[in-house]
Every structure is written in structure tokens, then in C-alpha cells.
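In this text, residue positions in the sequence shown follow numbering that gives the first Met the number 0: the first is 0, and each later residue adds one. First up is the structure itself, then whatever we jot down about it.
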Amino acid sequence: MKSKKKVWVLGGGVGVFFAFALLFISLPPKGHVPILMYHFVYPDVDVKHGKGSLNIGVDEFELQMWFLKTFGYRTISLDDLYAIKTGQVEPQGREIVVTFDDGHSTYLTRALPILRRYGIKSANFLIWDHLNLGWSDFVSLQAAKDLAGDPLVILGAHTLSHRILTELEPKEMEAEIVQSKRKLEEALGKPVHYFCYPTGVFNEEVMNLVGQAGYRLAFTTSRKRLNHNPETLYSLTRIKIKPNQGLFVFWANVSGLSGYAKELSVFFSQLTGNGSSGKLNVYEPAPKTM
Ligand SMILES: [Zn+2]
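Listed below in C-alpha cells is the structure:
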């Protein structure tokens, strides 16, 4: 009896192993391009682990970049992503995008040396005012100009002042979106095609302004979407990489598995009428003003 049980346990174990091996090889499906979001890179002992932490430990970050490189993920630029999203380029499979928000100094000091070592492309969304305040925690305008010449880096706009766009008067909203693009372009001497919403909050009015300003793509800060709206070029969802997750969760994220799990849980919560449809639909479009 006992040995029979052992055989079953062993067989089950082997089955689970091969199931995961198969998933590991086959995921993500071609054309599914996860976009990773990071903010601040600290020595691992200084990383804050609380809910909503935007920190990542430098060793953990290095392990994640090693993982991407070792297992054949193609870390593509935002220009490549745009070409795929608009159908100009066929995805080859295993594409992935690495992004950072806010232009924090730790991007320069800790993330970039690792990204360069592995030849990984990345984007950083800069807040115009922060470039000019002389704060040591943020990349300076001169550093941004230097970065603009790095073939592995694409700089995007993240407004002038990082205020929540949906709370602003139309004129201010427009200035945050249009001026941040124009000022960055003048300073960097090259076009700025990509935008990211402060704290991920936006609505249809904001999205329209971003499109009219001439941006190619705009990014949220999570898997949140506009209520009842599909993902568009101006509401690209991202995966927030939380600290201390371990490589298995990282793989679940880059393979698309965690995304499917999220979609499934939203689907079932809607089926069972549990009201909450999860994090995917939290932002109601702004009410139309007369
Ligand atoms: Zn931000």
C-alpha cells in the first residue's frame, strides 16, 4: 500500500514538473509583450517591502535581468513595441519591455550598470520639473541629455510636475501633457514619443489630449484600465515588479501567466456577481461636461 502511494506521489511530482517545463518553454505566446515597471533601485537591505512599495533590491534586479537574458527574452525598446502594436513588425516571440518611472537617480547609479552589462534596453519617463530642481534624488537635466545619446535608453515624458491629470483644469492638464513633450524635445534635441500617466490615473479626456499632443503610446502604472475599455495605444497596462517576489513570481509575470490568472479571476468574479471586478476596471470615464 505504502509503496503504491509513493509511486503516485512520485508520478504526480514528475507530471507537475513536466507541465511547468512545458509552460516555461511555450510561454508567453507570440505577440504577448509584457511591460515591466520599476521605480527605485536600492541595496537589498534598504528595500521597503510594504504594500505599494516601488522599491527593488539591486541584487534582485540583477537576478531578474540575468533571467531575461539567460532564458532568451528579447528586451525591446519602446520604438520596437510601437512597431509591433501598430502592425509594422511581426513579433518573433518572447519580447519584453523594461520601463522605469520618475527619472530617479538610482536608475543611473544602480539599474543602468546592470542593464548595460546584459545589453538590455530600457525606458525612463521623466518629470520635467524634477530635472531642473537640483534634487540629488533625481536625474538632472544634464544627465538626461547624456542619457538621450545612449542607444539602450529611450526617454519619455511623465508630465511637468507629476500632478494627477484628472484633477486638473483643462488648461493645466493640456500644459502638463503638451509642454512636457515640447520642453523635453528641445532639451534633448530629439523627439519624445512616449508618455506615462502620474500614478496611472487617466480618463478619456486625458487620453485624447495625449493622442492630440502627438505621442505614439501612453502607459498606465498597473493592469488598471478604463472601465469597459479595451487596452489601446494610450492605455497600455504594465506589470509592477514588487520587491522580494522571487524568481517564480517574476517568471509568472514575464510569461504572461499572472496576467491570465488576473483576467480569469475578474471573469469569475463577474460571473458570480461578486460586484468587484478586480483592479482592471477601476477608473470610470470622466462625466461629460456641458
Ligand atoms: Zn511617477
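Glycine is no exception: its CB is placed at the ideal position from the N, C-alpha and C atoms.
Do threonine 105 and phenylalanine 218 have their C-beta atoms within less than 8 Å of each other?
no
Take leucine 290 as the anchor and find which of Gln211, Thr74, Glu203 and Ser52 has the nearest alpha-carbon.
Given a span of 0 to 289 for the chain in the structure shown, any question on residue 290 remains unanswerable.
Run through the stretch 86–123 for me and flag every whole beta strand (DSSP E) of 3 or more residues, listed as ranges in chain order.
94–100
Among residues of its own chain, excluding the 5 on either side of phenylalanine 124, which ones have a beta-carbon nearer than 6 Å to its beta-carbon?
Asp100, Gly155, His157 and Cys195
Tell me which residues share the same chain as glutamate 184 and place their Cβ nearer than 8 Å to its Cβ, disregarding the 5 neighbours each side in the sequence.
Pro190 and Val191
Just confirm the distance between the C-beta atoms of proline 242 and glycine 30, as a whole number of angstroms; I'd bet it's less than 8 Å.
Not quite, the Cβ-Cβ distance comes to about 30 Å (not below 8 Å), so this is no contact.
For tyrosine 193, list the residues DSSP reports as bridge partners.
Leu216
Contact belief for glutamate 89 with valine 32 at Cβ below 8 Å, rounded distance in angstroms
Incorrect: roughly 12 Å between the Cβ atoms, too far for contact.
Specify the secondary structure class of lysine 239 as computed by DSSP and reduced to three states.
strand
Give the secondary structure of tyrosine 81 by DSSP, where H, G and I count as helix, E and B as strand, and everything else as coil.
helix
Evaluate asparagine 207 with the Cβ neighbour count: other Cβ atoms within 10 Å of its Cβ, from every protein chain shown; 16 or more gives buried, anything less gives exposed.
exposed
Assuming contact is defined by CB atoms lying nearer than 8 Å, are leucine 187 and alanine 174 in contact in what I supplied?
no
If you draw a straight line from the C-alpha of aspartate 78 to the C-alpha of alanine 20, how long is it?
32 Å
How is the alpha helix (DSSP H) around asparagine 54 delimited, first residue to last?
Asparagine 54 -> not in any alpha helix (DSSP H); beta strand (DSSP E) instead, spanning 54–56.
Just confirm the distance between the C-beta atoms of threonine 165 and valine 138, as a whole number of angstroms; I'd bet it's less than 8 Å.
About 26 Å separates the two Cβ atoms, so there is no contact after all.
Which of the three DSSP states is assigned to arginine 181 in this structure?
helix
Whose C-alpha, out of Ala212, Ser25 and Lys223, is nearest the C-alpha of glycine 199?
Lys223
Going by C-alpha to C-alpha distance, which of Ala122, Pro229, Trp7 and Ile83 sits closest to proline 150?
Ala122
Do phenylalanine 60 and isoleucine 113 have their C-beta atoms within less than 8 Å of each other?
yes
Verify whether the separation of the beta carbon atoms of phenylalanine 39 and histidine 129 is less than 8 Å.
no
Hey, could you find the ends of the beta strand (DSSP E) tyrosine 72 is sitting in?
Note, tyrosine 72: premise wrong, no beta strand (DSSP E); not H, not E.
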